[in-house]
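Residues 1 to 172 in the numbering used here are what the sequence shown spells out, letter by letter.
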Amino acid sequence: MPAKPQPPASPDPGPEVTGSSATRSRASSARRAEHAADTREALIGAARRLFAADGFDDTGTEQIVAEARVTRGALYHHFRDKADLFAAVAEEVFFRRLVYGWLASSRGAAVAIWGSAVAFAAIHVPVYGFAVLPIDTAAGLLLGWQRWMTGGWSASGLTHVAANLIAEGVIP
Numbered sequence: 001m002p003a004k005p006q007p008p009a010s011p012d013p014g015p016e017v018t019g020s021s022a023t024r025s026r027a028s029s030a031r032r033a034e035h036a037a038d039t040r041e042a043l044i045g046a047a048r049r050l051f052a053a054d055g056f057d058d059t060g061t062e063q064i065v066a067e068a069r070v071t072r073g074a075l076y077h078h079f080r081d082k083a084d085l086f087a088a089v090a091e092e093v094f095f096r097r098l099v100y101g102w103l104a105s106s107r108g109a110a111v112a113i114w115g116s117a118v119a120f121a122a123i124h125v126p127v128y129g130f131a132v133l134p135i136d137t138a139a140g141l142l143l144g145w146q147r148w149m150t151g152g153w154s155a156s157g158l159t160h161v162a163a164n165l166i167a168e169g170v171i172p
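Right under this line is the structure:
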């Protein structure tokens with residue numbers, strides 16, 4: 001008896017179809033976290049420029065989102081209100097630019113990483129208590145090391161967003 005003809009082989013479906021759903025999910029989560037970090041960084045940068053130019057009271061959230069080129073929903077996804085955004089701007093300017101920059105230029109990168117991490121942790125003690133010191137110091141060390149290794153602020157911003165997503169249970 002002759003062999004039964006086989007249907008032609010289907011073309012390779014590609015990595016999107018053949019990859020595991022866990023791999024695709026991790027890649028998608030990483031892209032979302034990177035996009036969230038970029039959005040947060042854009043909002044903080046726009047707010048920093050506008051607050052410096054016009055002051056807190058004379059800067060509207062509509063100006064901030066227009067300057068950052070994001071939606072108002074993105075602003076409120078990352079920050080409770082304009083005051084919360086202002087606090088993030090102040091933190092970024094003080095810890096990332098002033099303390100880290102001054103220590104790096106006067107004492108070197110290692111001291112800048114340690115010093116800004118300890119300063120960041122110490123500033124939270126009145127609000128969260130002494131239990132926050134090891135957690136914030138460790139986070140500050142990681143973020144400072146990332147700033148030093150990459151020469152920029154994006155990697156540490158991405159880590160900050162990922163930590164928040166983990167804390168909120170979005171990333172297990």
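For glycine and all other residues, C-beta sits at the position ideal for the given N, C-alpha and C. It should be emphasised that the depicted structure is a prediction, and the values quoted were computed from it without experimental measurement.
> If you pair each beta-carbon of the region 113 to 125 with each one of the region 137 to 151, do three or more pairs fall below 8 Å?
Replying inline: yes
> So, is G140 buried or exposed, given that buried needs 16 or more other C-beta atoms within 10 angstroms?
Replying inline: buried
> What is the DSSP secondary structure of T61, reduced to helix, strand or coil?
Replying inline: helix
> Does the region 64 to 75 touch the region 35 to 44, meaning 3 or more C-beta pairs lie closer than 8 Å?
Replying inline: yes
> For I64, is the classification buried or exposed, using 16 other Cβ atoms within 10 angstroms of its Cβ as the cut-off for buried?
Replying inline: buried
> By Cβ distance below 7 Å, which residues in the same chain neighbour T137 in space, the five residues on each side in sequence not counted?
Replying inline: A117, V118 and A121
>> Tell me the rounded alpha-carbon separation between A66 and A104.
In response: 34 Å
>> Taking the alpha helix (DSSP H) that E91 belongs to, which residues open and close that run?
In response: K82 to E91
> In terms of residue numbering, what span does the alpha helix (DSSP H) encompassing F130 cover?
Replying inline: Unbroken run through F130: none, as it is neither H nor E.
>> Going by DSSP in three states, G14 sits in which element: helix, strand or coil?
In response: The predicted model places G14 with a pLDDT of 47, which falls under 50 and marks its position as unreliable; any figure quoted below should be read in that light. Three-state result, G14: coil.
> When the distance is taken between beta carbons, is R32 closer than 7 Å to V89?
Replying inline: no
> Quick one, are the C-beta atoms of F56 and F86 less than 7 Å apart?
Replying inline: yes
> Going by other Cβ atoms of all chains shown within 10 Å of its Cβ, with 16 needed for buried, is L98 buried or exposed?
Replying inline: exposed
>> Is any non-hydrogen atom of the ligand SAH found closer than 6 Å to the C-beta of Q63, if you look at the structure I gave you?
In response: This structure lacks the ligand SAH, and indeed carries no ligand of any kind.
>> Among the candidates G151, I123, A83 and V125, whose CA atom is the shortest distance from the CA of A181?
In response: Residue 181 lies beyond the residue range present for the chain, which begins at 1 and ends at 172; the question has no answer from this structure.
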